[in-house]
Amino acid sequence: MLGSRGPIRDRAYLDLLRNGPCIVTLEGEGRQVCEPAHLRLLGSGGTGVKPSDARALPLHHELHKLEQRMGPRAFWRKMVDDYPDLLPRLLIELAEFRYAKYLNKRDK
Numbered sequence: 015m016l017g018s019r020g021p022i023r024d025r026a027y028l029d030l031l032r033n034g035p036c037i038v039t040l041e042g043e044g045r046q047v048c049e050p051a052h053l054r055l056l057g058s059g060g061t062g063v064k065p066s067d068a069r070a071l072p073l074h075h076e077l078h079k080l081e082q083r084m085g086p087r088a089f090w091r092k093m094v095d096d097y098p099d100l101l102p103r104l105l106i107e108l109a110e111f112r113y114a115k116y117l118n119k120r121d122k
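Going by our numbering, the sequence shown opens with residue 15, and the numbers climb by one from there.
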């Protein structure tokens, strides 16, 4: 598992996320309207402890502020309700990522 020896800190990756597009709205690619939003779900992170950079996603600045105000669980539930294509898009992306990872291992 990524970060099993401690949280990953990767400034270059965070800079890439800042150039979007937003994982929710798909807006902002190349315009730096996004911020790296560290996923504080399922016990990652804690009070005063930022989760690993490997658990960050590009999130529009305004949505990132909303997430911080609402808390992660309520925020992501709202995003799934407000953006009905969000969950299917993320599941497809995850499935394709896992398949690419499988092909990479198979072809070694």
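Ideal Cβ positions, reconstructed from N, Cα and C, are used throughout, including at glycine.
All of these numbers come straight from a predicted model, not from anything done at the bench.
Pairing P72 with G34 gives a Cβ-Cβ distance under 9 angstroms. Under the criterion of beta carbons closer than 8 angstroms, D67 and I22 qualify as touching, at roughly 5 angstroms.
Between the beta-carbon of H75 and that of K64 there is about 17 angstroms, and that puts the pair past the 8 angstroms contact cut. Buried is the label assigned to R69, since at least 16 other Cβ atoms lie within 10 Å of its Cβ. Rounded to whole angstroms, the separation of the alpha carbons of H78 and K115 is 29 angstroms.
For L77, the uninterrupted alpha helix (DSSP H) run begins and ends at 75-84, by DSSP. Remark: C-beta atoms of L80 and P50 do not approach each other more closely than 9 angstroms. Taking a C-beta distance under 9 angstroms as the contact criterion, Q46 and R32 qualify as a contact pair.
The DSSP assignment places complete beta strand (DSSP E) segments of no fewer than 3 residues inside the segment 31-61 at 48-52, in order along the chain. In the DSSP assignment, I106 falls within the unbroken alpha helix (DSSP H) covering 100-120.
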